[in-house]
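Student: I am attaching a structure below and will ask some questions about it afterwards.
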Amino acid sequence: MTEALARGWLLAWIAFGAAPAGALVLLLVHRITGGRWGEALAPVLRPVAALLPLVALGFLGVALALPALYPWAADPGAVEPDVAALYLNPLLFVARGAVALLGWSVLAGLVLAGRRTRLVAGLGLAFYGLTISLVPVDWILSLEPRFTSSAFGAGFALHQILAALSLAAVASPRGLDERTAPDLANLLLATLLGVLYIGLMSYVVAWYGDLPPKAAYYLRRAAEPYPALMAASVAAGGLLPFLLLLLGAVRRSPGALRLVGLLVLVGLASRACWLVLPAWGPGAGGAALAAGLWLAGLVVVARLALRLAGRLGGRLRHA
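And the structure:
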């Protein structure tokens, strides 16, 4: 039971943390590039990025349950001795995660405080690019440490950005109208294609290489119920949104984009389950159930935290 709760927490935390990190990236990018899309989406992106300290706090739950989550933490012999000594060990795992999450939280604070100069935005994006190449490998790929993918960090970065854009589409802020909706549609379409491309090419490279660790990774995901989960992810998070975003009427309609965003969020959640759950074999069912409960709780806590922060901010402005 305790193991299922810990595993469920990891999955829920990964799913929950995607949008805040993606929102931060979009805010930093907009500071450099400008554009109507950033102004229209800011009422959603700013409070979502403000949740990054909560995401960082949630990492404590992962750090305290490492042996229940990762085979290399329970048995250092699960990986090569040099890998265990120099990279994949509890101390360095926690250190890398803490540095990344603390840095993202500081950047979010600078953004919300109005201190995101172009220099800060550029340095922040460089820091994000460096850390996102490391921590998704730690948090997700090291569940199956013999599988490696050089493109996984880039794919997960696009996953986070797509989650933030989809959430913004669902929230449909007031600034999103027929003039700015096509900008959001373009961003959704480009990021969606990026996620699909990297996922497909990673599979093609693994298939072409035909190496046992890579084959074992995909064979685990070929067992039931994971093909259905991947089909749901591709259909809801890829094919249907792609086709809808090709229609001019959909691209200009905030209401239609709300449906697209909802479909993509369902697809991204299914993808997160497909990436994480097969690593736990027969224990995946309990972890999935626990993840659903944890995720619902995190959403409730996030809403309460944002509401409280809004009230405190209002009081401080009128003090």
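The sequence shown runs 901 to 1219 under the working numbering. Don't be surprised by glycine CBs; every beta carbon is placed ideally from N, CA and C. Keep in mind it's a predicted model, so treat the numbers as computed, not measured.
(1) Enumerate in chain order the residues of its own chain whose CB-to-CB distance from ALA1190 is below 6 Å, with the five nearest sequence positions on each side excluded.
(2) Between VAL944 and LEU1067, how many whole angstroms is the CB-CB distance? I'm expecting something under 8 Å.
(3) With a threshold of 6 Å on Cβ separation, who are the neighbours of ALA1202 within its own chain once the five nearest residues in sequence on each side are excluded?
(4) Reducing DSSP to helix, strand and coil, say where ASN1086 ends up.
(5) Within 10 Å of its beta-carbon, does TYR970 have 16 or more other beta-carbons around it, so buried, or fewer, so exposed?
(6) Does the beta-carbon of THR1031 have 16 or more other beta-carbons within 10 angstroms, so that it is buried, or is it exposed?
(7) In chain order, what residues of the same chain lie with their CB nearer than 6 Å to the CB of ILE1061, ignoring the 5 residues before and after it?
(8) Where does LEU1216 sit, in a helix, a strand or coil, going by DSSP?
(9) Near GLU1078, which residues of its chain fall below 7 Å by C-beta distance, leaving aside the five closest residues on each side in sequence?
(10) Our contact map puts PRO1082 next to ARG1121 with C-beta atoms below 8 Å; I'd like the distance itself, whole angstroms only.
(11) Mind the definition here: the segment 1165-1179 touches the segment 1104-1115 only if three or more C-beta pairs lie below 8 Å; say whether that holds.
(12) Measuring CB to CB, does VAL1095 end up less than 8 Å from GLY1053?
(13) Go to SER1005, then tell me how far its alpha helix (DSSP H) extends in each direction, as first and last residue.
(14) Compare the beta carbon distance of VAL936 and THR1080 with 8 Å and say whether it is the shorter of the two.
(15) Leaving out five residues before and five after HIS1218 in sequence, what residues of the same chain have Cβ atoms less than 6 Å from its Cβ?
(16) Assuming contact is defined by CB atoms lying nearer than 8 Å, are LEU927 and ILE1040 in contact in what I supplied?
Tutor: Quick look at the numbers:
(1) Cβ-Cβ distances below 6 Å link ALA1190 to ALA904, LEU905, GLY908 in the same chain, with the five nearest sequence neighbours on each side left out; the list follows chain order.
(2) At roughly 7 Å, the Cβ-Cβ gap stays under 8 Å, so VAL944 and LEU1067 are in contact.
(3) Excluding positions up to five away in sequence, the list reads LEU951.
(4) Note: ASN1086 maps to helix in three-state DSSP.
(5) With 16 or more Cβ atoms within 10 Å of its Cβ, TYR970 is classed as buried.
(6) Classification for THR1031: buried.
(7) Excluding positions up to five away in sequence, the list reads GLY922, VAL925, THR1091.
(8) Summary for LEU1216: the model assigns pLDDT 32, below 50, so the residue's position carries little reliability; its value from the coordinates is reported in the next sentence. LEU1216 falls in the helix class under three-state DSSP.
(9) These residues qualify, in order along the chain: ARG1152.
(10) The C-beta distance from PRO1082 to ARG1121 rounds to 36 Å, too long to meet the 8 Å contact threshold.
(11) No, the segment 1165-1179 does not touch the segment 1104-1115.
(12) No; because the gap between Cβ atoms is not below 8 Å, this pair is not in contact.
(13) First-last of the alpha helix (DSSP H) with SER1005: 990-1012.
(14) Looking at the sequence provided, one finds Arg at residue 936 rather than Val. Taking a C-beta distance under 8 Å as the contact criterion, ARG936 and THR1080 qualify as a contact pair.
(15) Note that HIS1218 has pLDDT 36, beneath the 50 cutoff, so the model's placement of it is unreliable and no number is given.
(16) Judged by their CB atoms, LEU927 and ILE1040 are not nearer to each other than the 8 Å cut-off.
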